[in-house]
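Student: This structure is in structure tokens; I'll ask about it shortly.
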Amino acid sequence: MKRFTIILLVVSIMAAGAMALLAIGCGGGSNGDPAEVIDKAYAKSFDYDTLHSEYDVQLKVSGDVSTLSPELQGILPLELGISGSADVDNSDTENPKMQATVSLDGLNDIIQGMVGGMSANETEAAATANMVSSLFSNLEFKMVDKVFYVSMMGSWYEVDTNEVTSQVAGGADEVDSKCVQDAIKEKVIPSAVLTGIEDVGSEDIDGEKTTHYKASVDMAKLVEATAEASRQCDQAETAGGLEGAKSQLNDMFKKMDVDMWIDGDNNVRKLKMDMEIDTAALSGMGDTPLGSDQEKALESMSITLTATVIQSGFNEDVDITAPEGALPLEDLLGGFGVGGNGLGGGLGGGGGGSTSSTTTNPFNT
Numbered sequence: 071m072k073r074f075t076i077i078l079l080v081v082s083i084m085a086a087g088a089m090a091l092l093a094i095g096c097g098g099g100s101n102g103d104p105a106e107v108i109d110k111a112y113a114k115s116f117d118y119d120t121l122h123s124e125y126d127v128q129l130k131v132s133g134d135v136s137t138l139s140p141e142l143q144g145i146l147p148l149e150l151g152i153s154g155s156a157d158v159d160n161s162d163t164e165n166p167k168m169q170a171t172v173s174l175d176g177l178n179d180i181i182q183g184m185v186g187g188m189s190a191n192e193t194e195a196a197a198t199a200n201m202v203s204s205l206f207s208n209l210e211f212k213m214v215d216k217v218f219y220v221s222m223m224g225s226w227y228e229v230d231t232n233e234v235t236s237q238v239a240g241g242a243d244e245v246d247s248k249c250v251q252d253a254i255k256e257k258v259i260p261s262a263v264l265t266g267i268e269d270v271g272s273e274d275i276d277g278e279k280t281t282h283y284k285a286s287v288d289m290a291k292l293v294e295a296t297a298e299a300s301r302q303c304d305q306a307e308t309a310g311g312l313e314g315a316k317s318q319l320n321d322m323f324k325k326m327d328v329d330m331w332i333d334g335d336n337n338v339r340k341l342k343m344d345m346e347i348d349t350a351a352l353s354g355m356g357d358t359p360l361g362s363d364q365e366k367a368l369e370s371m372s373i374t375l376t377a378t379v380i381q382s383g384f385n386e387d388v389d390i391t392a393p394e395g396a397l398p399l400e401d402l403l404g405g406f407g408v409g410g411n412g413l414g415g416g417l418g419g420g421g422g423g424s425t426s427s428t429t430t431n432p433f434n435t
């Protein structure tokens with residue numbers, strides 16, 4: 071199970087990173103060398119203050135599950151769809167705003183399989199799966215004035231992003247976001263990490279005439295460029311980790327193809343990424359090699375991911391405001407036995423006081 075978790079984590083991280091690269095780094099008109107067009111628009115894309123996106127991600131994990139454990143057979147084969155929309159407002163660089171919706175298709179089946187593998191009571195497992203999937207199948211998020219909000223079960227909850235950053239960092243050096251953005255702009259240049267860039271013709275996207283470009287990501291070069299950007303911002307440990315995993319990451323991604331539809335005003339109207347993961351290349355990515363036969367069977371699994379983003383509203387006005395009557399996140403966590411003075415300790419009343427209590431999280435299995 072731990073190995074499978076690593077697989078999904080790597081897929082999620084690399085997909086997010088590649089989509090971020092495309093979202094901020096692709097643009098251009100229909101004239102000139104495709105690579106030059108993309109590189110010229112890359113610098114311009116950092117100037118967007120506002121942007122609206124509609125996205126769809128499809129993750130599939132398939133293969134022979136007959137030798138896997140009952141827990142893994144409960145969730146494999148796996149199909150998960152993630153869709154929604156997002157608005158960002160970076161007009162105030164010191165106080166960026168965001169609002170987004172997320173809808174998960176197939177989550178109930180996954181949760182049902184996970185819970186079913188841990189419980190002999192089918193009725194109880196089904197009830198738990200339905201409750202969890204109802205919580206997470208449709209979500210809304212906002213970030214305003216450095217406060218993060220999430221809407222669940224008909225109510226808005228808030229959490230201080232500074233507190234989250236502090237706890238996630240765990241005492242690590244603070245990352246200079248401005249430095250990171252500048253370093254990515256300088257080091258992660260599309261023409262340096264994309265291969266086979268070509269113009270494949272004109273197409274209309276939502277009524278807008280665009281030029282369709284195709285390319286593939288050179289994972290080794292992407293890792294090298296990202297490591298250089300990290301080192302430039304004094305993130306030597308991150309850079310070293312990336313460089314150490316470069317060979318495995320290069321072997322792991324059997325395919326990472328990208329398509330970009332760019333209008334005459336140098337805006338990316340649509341982008342798509344197709345990825346295929348070679349799970350056998352993950353054998354050395356954990357602290358220990360694969361052990362049992364059922365764990366080794368994961369090497370034969372096929373993982374594919376397709377992500378599509380439609381973009382609009384370039385530098386147009388967008389209204390992002392904090393929700394009224396938002397409750398402390400502890401009010402939500404307390405309902406599940408998850409205590410927190412902030413996010414880390416026990417619940418000390420509605421406001422997360424200094425007194426903590428030990429509670430049991432029913433989902434922490």
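In my numbering, the protein residues as written are 71 to 435. A virtual CB, placed ideally from N, CA and C, is assigned to each residue, including glycine.
According to DSSP, is Gly154 helix, strand or coil?
Tutor: Looking at Gly154 - three-state DSSP - the assignment turns out to be strand.
Student: Let's test the definition: count the other Cβ atoms within 10 Å of the Cβ of Glu307 and tell me whether it reaches 16, buried, or not, exposed.
Tutor: Residue environment analysis places Glu307 among the exposed positions, since fewer than 16 neighbouring C-beta atoms fall within 10 angstroms of its C-beta.
Student: Let me know the secondary structure DSSP gives Gly277 once reduced to three states.
Tutor: Gly277 falls in the coil class under three-state DSSP.
Student: Which of the three DSSP states is assigned to Ile181 in this structure?
Tutor: helix
Student: Starting from the C-beta of Lys130, find all residues in its chain whose C-beta is less than 6 angstroms away, skip the five residues before and the five after it, and write them out in chain order.
Tutor: The answer, listed in chain order, is Glu149 and Thr374.
Student: CB-CB under 6 angstroms to Gln128, same chain, minus the five flanking residues each way: which ones, in chain order?
Tutor: Gly151 and Thr376
Student: Alpha carbon to alpha carbon, what distance is there between Met201 and Asp175?
Tutor: 15 angstroms
Student: Would you tell me roughly how many angstroms separate the C-alpha atoms of Ser272 and Thr280, rounded to the nearest one?
Tutor: 6 angstroms
Student: Assess, as a yes-or-no matter, whether the segment 286–304 is touched by the segment 138–149 under the definition of 3 or more beta carbon pairs within less than 8 angstroms.
Tutor: no
Student: Let me confirm a value: Ser115 is counted as buried when at least 16 other C-beta atoms fall within 10 Å, else exposed. Which label applies?
Tutor: Around the beta-carbon of Ser115, 16 or more other beta-carbon atoms lie within 10 Å, marking it buried.
Student: Check whether the Cβ of Val214 lies closer than 8 angstroms to any heavy atom of the ligand NAP, and answer yes or no.
Tutor: The ligand NAP is absent from the structure shown, which contains no ligands of any kind.
Student: Report the residue from Ser317, Ser261 and Met371 whose alpha carbon sits nearest the alpha carbon of Glu106.
Tutor: Ser261
Student: Could you check the C-alpha separation between Val270 and Ala113 for me, to the nearest Å?
Tutor: 23 angstroms
Student: How is Asn208 classed by DSSP in three states: helix, strand or coil?
Tutor: strand
Student: Is the beta carbon of Leu368 less than 9 angstroms from the beta carbon of Ser225?
Tutor: Ser225 sits away from Leu368, with the two beta carbons spaced by 9 angstroms or more.
Student: Give me the residue from Glu256, Asp159, Lys284 and Met326 with the minimum Cα distance to Ala299.
Tutor: Glu256
Student: Give me whichever residues DSSP pairs with Asp159 in a beta bridge.
Tutor: Thr120 and Lys167
Student: I'd like to check one pair, Val388 with Asp159: are the Cβ atoms closer than 9 angstroms?
Tutor: yes
Student: Please report the straight-line C-alpha distance between Asn337 and Met330, rounded to a whole angstrom.
Tutor: 10 angstroms
Student: Who are the near neighbours of Pro393 in its chain, counting only those whose CB is closer than 6 angstroms to its CB and skipping five residues on each side?
Tutor: Tyr219 and Trp226
Student: Could you tell me the alpha carbon to alpha carbon distance between Met184 and Leu177, rounded to whole angstroms?
Tutor: If you draw a straight line from the Cα of Met184 to the Cα of Leu177, it comes to about 11 angstroms.
Student: Buried or exposed for Ala197, going by 16 or more other Cβ atoms inside 10 Å?
Tutor: exposed
Student: If you draw a straight line from the alpha carbon of Thr391 to that of Lys167, how long is it in whole angstroms?
Tutor: 8 angstroms
Student: Apply the 10 Å Cβ neighbour rule to Asp103 and answer buried if 16 or more other Cβ atoms are within range, or exposed otherwise.
Tutor: By the 10 Å Cβ count, Asp103 comes out exposed.
Student: Per the DSSP calculation, Thr376 is bridged to which residue(s)?
Tutor: Gln128 and Asp344
Student: Going by DSSP, what residue range makes up the alpha helix (DSSP H) through Lys257?
Tutor: From DSSP, the alpha helix (DSSP H) with Lys257 extends over Ser247 to Lys257.
Student: Give me the Cα-Cα distance between Cys171 and Ile180, rounded to the nearest whole angstrom.
Tutor: The question names Cys, but residue 171 is Thr in the sequence shown. Spanning the two alpha carbons is a distance of roughly 21 angstroms.
Student: Taking Asn208 as the reference, give the member of Val214, Met223 and Glu194 with the closest Cα.
Tutor: The option with the nearest alpha carbon to Asn208 is Met223.
Student: Would Lys212 be called buried (16 or more neighbouring beta carbons within 10 Å of its own) or exposed?
Tutor: Per the 10 Å Cβ criterion, buried.
Student: When the distance is taken between beta carbons, is Ser153 closer than 9 angstroms to Ser173?
Tutor: yes
Student: To the nearest angstrom, how far is the alpha carbon of Asp321 from that of Ala290?
Tutor: 9 angstroms
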